[in-house]
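Engineer:
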DNA sequence: GGCGCTATTGGACCTTGGGGGCACTCGGGC
DNA sequence: GCCCGAGTGCCCCCAAGGTCCAATAGCGCC
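Residue numbers (our numbering), protein chains in the order written: chain A, 1 to 208; chain U, 1001 to 1208.
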């Protein structure tokens, strides 16, 4: 079930909990890294592969919920599975609204924890895929000159070269030159492909 | 704050709760309809405008959670706000995982309830918008003949007429005829627009 | 069986639109 | 002075779109 290379980060101030969690999670085939505090986790080198976070809600200093909020600001949203000894409904609802994958109350079955971790890792794997694609496309957009970016937008809007030319106050030939460069730099083989690339980085379409 | 035409459905078996909820919600400017059971709610005529559901978790017969699961099967997902007297963490987490907007434990502040309702109605309004658009596009797709649908897919994939012709084993002229009909029936003024329409109804792109 | 309609196909011909090549200009910035 | 972004003109080819026309097959209706 477990994705071979996935890493599970465990943050809990209780050494015995860390130990038992590590045993259970590692037995399911995940790599495990433990941290005694939210701060320690944040000082870790940034993640590269698919991962998820198993987080105790109550901890001295920065709490699990605090860490969740902080991570939500980051570019890459690491899926969080909460575990807690004394959780209340309000807390669990707040965590779930903030995007937590699950919220488990001790004592919980290993099966439930591993199920939550699996869902979390799957979510992260999906996110990594779409993020990688989006970043790749945005990198291409960055190579466009300002003028090329304008032409890009208008082509994606479905306008003809002559319409774009009128819009920008240049002749059609000039538009063609920019357009060709856009197709080249964006590595799009067709207008259809270009439109999809634009959609993935959220280019605003003014009029269809 | 309240959207003028939004309807809030209240399902609770306790008459006094229904009464007090109605008073609070109506005072915020919403239209309110109450039901004594999940069954009664389901027998109601289908909703038309933006709405949301305020649901008691525990009720004799079909519970709030049961109703949520049933509604999740439907085409239009009505946002649910749960309220309960004796909720536990497991229950609230299950409800949130199933897509509930909020999960409030009695006693709760009117402000919290109205906040949840507002978020729920906003979500429903958005959903209605995208659903309406998707249905409209799908209706257009339905008017396409089988052959036109094939051409539609291949055009959206970015293929040239001659490539499409080879793929379908016909001459280019035939493809042009179908293609023109597709643009007409889908009411697309450009390939760019056609690609966006296809994306919204989830047309699978084979190779870019 | 014949008639009409639709889907699909196809040919000939013409116009418009998109894509490239090549040469040249012009203004900024280093 | 050189490089780059931007703009342009000319020429040519190919792709897309549209017109007029025509043929074939399947299906429902009288």
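All C-beta atoms, glycine included, are put in the ideal place defined by N, C-alpha and C.
The structure displayed is predicted, hence computed values, not measured ones.
Do you know how far the Cα of residue 1114 of chain U is from the Cα of residue 1052 of chain U?
Structural biologist: So the two alpha carbons sit approximately 11 Å from each other.
Engineer: Determine whether the beta carbon atoms of residue 13 of chain A and residue 21 of chain A lie at a separation below 8 Å.
Structural biologist: no
Engineer: So which residues on chain U does residue 196 of chain A lean against when the C-beta distance must stay under 8 Å?
Structural biologist: 1195, 1199, 1205 and 1208
Engineer: Is residue 78 of chain A helix, strand or coil when you go by DSSP?
Structural biologist: Residue 78 of chain A falls in the coil class under three-state DSSP.
Engineer: Quick one: which residues of the segment 1065-1076 of chain U get their C-beta closer than 9 Å to a C-beta of chain A? List them in chain order.
Structural biologist: Answer in chain order: no residues at all.
Engineer: Please report the residue range of the beta strand (DSSP E) in which residue 41 of chain A lies.
Structural biologist: Run containing residue 41 of chain A: none in the beta strand (DSSP E); it sits in the alpha helix (DSSP H), 38-42.
Engineer: With C-beta atoms as the reference, is residue 1083 of chain U less than 8 Å away from residue 1056 of chain U?
Structural biologist: yes
Engineer: Three or more C-beta pairs closer than 8 Å, one from the segment 1037-1045 of chain U and one from the segment 1113-1129 of chain U: is that the case here?
Structural biologist: no
Engineer: With H, G and I counted as helix, E and B as strand and the rest as coil, what does DSSP make of residue 180 of chain A?
Structural biologist: helix
Engineer: Can you check whether the C-beta of residue 1105 of chain U is within less than 8 Å of a C-beta belonging to chain A?
Structural biologist: yes
Engineer: Report, in whole angstroms, the separation of the C-beta atoms of residue 10 of chain A and residue 34 of chain A, which I expect to be a contact under 8 Å.
Structural biologist: 5 Å
Engineer: To the nearest angstrom, how far is the alpha carbon of residue 134 of chain A from that of residue 1165 of chain U?
Structural biologist: 33 Å
Engineer: Look at residue 123 of chain A and residue 148 of chain A and say whether their C-beta atoms are less than 8 Å apart.
Structural biologist: no
Engineer: DSSP beta-bridge partners for residue 1031 of chain U?
Structural biologist: U:1007
Engineer: Any idea what DSSP makes of residue 13 of chain A, helix, strand or coil?
Structural biologist: Coil.
Engineer: Please confirm whether residue 1158 of chain U has its beta-carbon closer than 8 Å to some beta-carbon of chain A.
Structural biologist: yes
Engineer: If we ignore side chains and look at the alpha-carbon of each, how far apart do residue 1160 of chain U and residue 177 of chain A end up?
Structural biologist: Taking the Cα positions, residue 1160 of chain U is about 21 Å away from residue 177 of chain A.
Engineer: Please compile the residues from chain A whose C-beta is within a distance smaller than 8 Å of the C-beta of residue 1087 of chain U.
Structural biologist: Per Cβ cutoff of 8 Å: 89.
Engineer: Would you say residue 1096 of chain U reaches chain A, if we count a Cβ-Cβ gap shorter than 8 Å as a contact?
Structural biologist: yes
Engineer: Among U:1185, U:1171 and U:1111, which has the Cα closest to the Cα of residue 1144 of chain U?
Structural biologist: U:1185
Engineer: If you follow the alpha helix (DSSP H) that residue 1108 of chain U is in, where does it begin and where does it stop?
Structural biologist: In the DSSP assignment, residue 1108 of chain U falls outside any alpha helix (DSSP H) and carries neither an H nor an E.
Engineer: If contacts are defined as beta-carbon pairs under 8 Å, then residue 1101 of chain U and residue 1081 of chain U qualify, I think. What distance do you get, rounded to the angstrom?
Structural biologist: 5 Å
Engineer: DSSP has residue 1103 of chain U in a bridge; who is on the other side?
Structural biologist: In DSSP, residue 1103 of chain U forms a bridge with U:1082.
Engineer: Is residue 110 of chain A close to chain U? Criterion is C-beta to C-beta, closer than 8 Å.
Structural biologist: no
Engineer: Applying the 10 Å Cβ sphere with the 16-neighbour rule, what's the burial state of residue 78 of chain A?
Structural biologist: The residue in question, residue 78 of chain A, is buried, as its Cβ has 16 or more Cβ neighbours within 10 Å.
Engineer: Between residue 92 of chain A and chain U, is there a C-beta pair that is closer than 8 Å?
Structural biologist: yes
Engineer: Measure from the C-beta of residue 1124 of chain U to each C-beta in chain A and report whether the shortest distance is under 8 Å.
Structural biologist: no
Engineer: Tell me which residues share the same chain as residue 1091 of chain U and place their Cβ nearer than 7 Å to its Cβ, disregarding the 5 neighbours each side in the sequence.
Structural biologist: 1057
Engineer: Report the three-state DSSP secondary structure of residue 1056 of chain U (helix, strand or coil).
Structural biologist: strand
Engineer: Residue 192 of chain A CB to nearest chain U CB: under 8 Å?
Structural biologist: yes
Engineer: Return the first residue and the last residue of the alpha helix (DSSP H) that residue 1147 of chain U is part of.
Structural biologist: 1146-1156
Engineer: Strictly below 9 Å CB to CB, what residues from chain U border residue 102 of chain A?
Structural biologist: Going along chain U in sequence order, the residues near residue 102 of chain A (Cβ under 9 Å) are 1093 and 1097.
Engineer: Please report how far the alpha carbon of residue 8 of chain A lies from the alpha carbon of residue 1142 of chain U, in whole angstroms.
Structural biologist: Approximately 47 Å between the Cα atoms of the pair.
Engineer: If you check the beta carbons only, do residue 95 of chain A and residue 103 of chain A fall under 8 Å apart?
Structural biologist: yes
Engineer: Report back the beta-carbon spacing between residue 1199 of chain U and residue 199 of chain A to the nearest angstrom; my notes put them in contact at under 8 Å.
Structural biologist: 6 Å
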